[in-house]
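Peer 1: So for the sequence shown, the UniProt record's numbering puts the first residue at 1; every next one is plus one.
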Amino acid sequence: MGKYIELTSENFDVAKEGVALVDFWAPWCGPCRMLAPVIDELAAEFDGKAKVCKVNTDEAQDLAVEYGVRSIPTLLFFKNGQIVDQMIGAQSKVAIADKINSLL
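#1: Per DSSP, which one or two residues make a beta bridge with I5?
#2: On the criterion of 16 or more Cβ atoms from any shown chain inside 10 Å, does L104 qualify as buried, or is it exposed?
#3: Please determine, among G81, V94 and L76, the residue with the shortest C-alpha to C-alpha distance to M87.
#4: Would you mind giving the Cβ-Cβ distance between F78 and V69, rounded to the nearest angstrom? I have them listed as a contact below 8 Å.
#5: Among D23, I96 and E17, whose alpha-carbon lies nearest the alpha-carbon of A60?
Here is the structure:
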């Protein structure tokens, strides 16, 4: 069963290989908490096909600044190391899954 990857500055390069979804979130953010079970489900569904990752912006403020994240949740979609799309705010599982599938 796939699980999301918790990213920090030290291991962020993991998201730069293949297709990856990176969820920038914080524990105090209500919409982020609503999105958390969706992220867990997507990690399981896309296990072996795409990486599903999370960045806690309270603990990795440098990454939030580096990637221009001003609102959370922000979802960044990477393909081969490049940001190819983003979604801001809580999104439906279908919308996120469709975006990942379009990148595979």
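C-beta: ideal position from N, C-alpha, C; glycine also. Predicted model only: the values in this text are computed from it and were never measured.
Peer 2: According to the structure data:
#1: Start at 1 with the first residue of the sequence shown, and residue 5 comes out as number 5. Residue pairing of I5 in beta bridges, as defined by DSSP: C53.
#2: As a first step, residue 104 must be located in the sequence shown, where it is residue number 104. Flag for L104 reads exposed.
#3: On the sequence shown, position 87 is the one that residue 87 refers to. The residue with the shortest Cα to Cα distance from M87 is L76.
#4: Counted from its first residue, the sequence shown places residue 78 at position 78. Counted from its first residue, the sequence shown places residue 69 at position 69. Actually they do not touch by this definition, with Cβ atoms about 14 Å apart.
#5: Start at 1 with the first residue of the sequence shown, and residue 60 comes out as number 60. The candidate whose alpha carbon is nearest that of A60 is D23.
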